[in-house]
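Report on the structure given below.
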Amino acid sequence: MKYWKYLTLIILIAFVASCSKDDDDIIPPPDENTPSILPEKELRGVWVTTAWGIDWPMEEYNAVAQKRKYTDYLDLLVENNMNAIFFQIRGMADAFYDSQYESWSKYITGTAGVKPTYDVLGFLVEEAHKRNIQFHAWLNPYRISTRANKGSSFPQLDPKIPVELTKDYEKIRIYNPALPEVQTRITQIVKEIITKYDVDGIHLDDYFYPSLEASEKMNDDAEYEKYGKDKFDNIADFRRNNVDVVIQDIQKTIIGTRPDVIFSVSPAANMDSNYNTLFADVKKWSKEGWVDVIIPQLYFATGTEETSFNQRLNLWSQHIYENHLLVGYGIYKFGNPDYGSKFQSSDDLKKQFDFAGTKPKVKGSVLYSVKYLVENKVGIMSVIKSVYKNLALLPYLGRIATEEPNAPTNVRVDGSTLSWSGVQDAYYAVYKNNGADQVATLVGITKETTFRLTEKGIYFVTALNNKNAESDLSDSVTY
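First residue of the sequence shown: 1, per full-length UniProt numbering; consecutive thereafter.
Written out as structure tokens, the structure reads:
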């Protein structure tokens, strides 16, 4: 009798233990009140070069065709879950807008100084914003024009540009960086742009002091004698300070005019070249917080050598402080036999993205340049589509803390339509709740207060302001 009691007890314990194990294996559906983890925010951008008409308008001087080419580019970005464009609006001391300092760019109409039939920059910004794409106005600070060699002539100087502010070299004519009048002028040009147009960012490329031919000298002894000898022990420090002044003044102008505007620079990958040849002390700008975003041009294959993508990114990651780091990818090299075997397939592009993904300071990517997305040599778009597979919100890239908007309220479902009560001056992110400790799925970004759902599940909404600061989560609802 005692044996059967023990046997019954063992069977009962085993049954209870079995039931308990089965229960542990069952993953309950997410509860409406259980918050998800929000996915990482990420800037996904592309450069559009207009100097020499490289990406736009490609010698197409018809307004309708220009607009179509641009909106086709934007639609390609939307199709691939990209969210930012860095568009060159001043590549040669020219303007893609009506400027008091420089004349209309010849790359728009084919002739310098001729006014186009539409507000070019206004159109560019408006169409980007319609698609929730951030617009960064890209400027080359000093370059005025180029020529093939010393035996050629520079194009006629724009009548709006005083000749005494310029300096000529064998292949390039520039604004003279040493002149206080030039430093002021560049800053005023930035102020004009951000005052007239709702650009999201001001972006400078890697051209500061010119990189000269081996036979050339900078020929700025007279400027050093006049402006710098009493303040600086050597002419190199004088040159770096001239560029420092412009960088600082641009930031001060942005803060004083439209502090929401993001200030970014895309330096050359080689820090020593920046410092000693271009006289751009980018590490100092980053440490001092003079620039919001650094986007080094890491146009190299992966590897272990000093000049590889990996080692360059390792180095740049060490010099980001309270500002932000994006990676510049040289997609133009893929499929070009001049750049070596690793660029003859798309495999290394995936490796570059994967390595950047291991760096916590990296907040996104910018691709050079847009026409190579269209050309899609060696199937690079398959990599981009896989890396940008899911939607992503833009990160906040500002220099100071920003107040978060209120969360949307009165979230409800009517049929397949999700709707909510809006928040002033906000746009919205719609998420699918995948359960506690699970990353939610971003299913939509919209300026409307309704969104059509296509899949059953639990959903919530957040509001974002124009600086991309995100609210708390709304209440969840089930569809």
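Where a beta carbon is used, it is the ideal one built from N, C-alpha and C, also for glycine.
If you follow the alpha helix (DSSP H) that residue i is in, where does it begin and where does it stop?
i           : result
residue 208 : It is not in any alpha helix (DSSP H) - residue 208 carries neither H nor E in the DSSP assignment.
residue 450 : Looking at the DSSP string, residue 450 is not in any alpha helix (DSSP H); the run it does join, the beta strand (DSSP E), is 450 to 452.
residue 38  : First-last for residue 38: undefined, no H or E at that position.
residue 64  : 63 to 79
Where does residue i sit, in a helix, a strand or coil, going by DSSP?
i           : result
residue 367 : strand
residue 138 : strand
residue 84  : strand
residue 93  : coil
residue 203 : strand
residue 129 : helix
residue 101 : coil
residue 192 : helix
residue 47  : strand
residue 235 : helix
residue 108 : helix
residue 179 : coil
residue 120 : helix
residue 163 : helix
residue 455 : coil
residue 12  : In this prediction, residue 12 scores a pLDDT of 44, lower than 50, which makes its location untrustworthy; no coordinate-derived value is stated.
residue 225 : helix
residue 420 : strand
I believe residue i touches residue j by the beta-carbon criterion, under 8 Å. Please report the beta-carbon distance rounded to the nearest angstrom.
i           : j           : result
residue 264 : residue 203 : 5 Å
residue 387 : residue 355 : That belief does not hold up - the Cβ atoms of residue 387 and residue 355 are roughly 12 Å apart, past 8 Å.
residue 96  : residue 47  : The Cβ separation is near 15 Å, so there is no contact.
residue 187 : residue 250 : 6 Å
residue 84  : residue 131 : The pair is not a contact, with the Cβ atoms about 11 Å apart (cut-off 8 Å).
residue 55  : residue 371 : 5 Å
residue 285 : residue 291 : 5 Å
residue 278 : residue 209 : 5 Å
residue 367 : residue 331 : 5 Å
residue 418 : residue 473 : About 14 Å; that fails the 8 Å criterion.
residue 274 : residue 282 : 5 Å
Run the CB neighbour count on residue i, radius 10 Å, all protein chains shown included, and call it buried at 16 or more, exposed below.
i           : result
residue 173 : buried
residue 26  : Confidence is the limiting factor: at residue 26 the pLDDT is only 42, short of 50, which leaves the residue's position unreliable, though a coordinate-based value still follows. Exposed.
residue 149 : exposed
residue 217 : exposed
residue 425 : exposed
residue 321 : exposed
residue 385 : exposed
residue 134 : buried
residue 49  : buried
residue 221 : exposed
residue 64  : exposed
residue 3   : At residue 3, the pLDDT of 36 sits below 50, so the modelled position is not reliable; the number obtained from the coordinates is stated separately. Exposed.
residue 118 : exposed
residue 380 : buried
Tell me the residue span of the beta strand (DSSP E) that contains residue i.
i           : result
residue 168 : 166 to 168
residue 144 : 143 to 146
residue 499 : With the chain covering only 1 through 479, there is no way to say anything about residue 499.
residue 443 : 441 to 446
residue 464 : 458 to 464
residue 175 : 172 to 175
So with Cβ pairs under 8 Å, would you call residue i a contact of chain E?
i           : result
residue 320 : In the structure shown, chain E cannot be found, because there is only a single protein chain.
Whole alpha helix (DSSP H) elements within the region 329 to 416, 4-residue minimum: 347 to 356, 370 to 375, 380 to 387
Continuous alpha helix (DSSP H) assignments of at least 4 residues falling wholly in the region 244 to 325: 271 to 276, 282 to 288, 309 to 317
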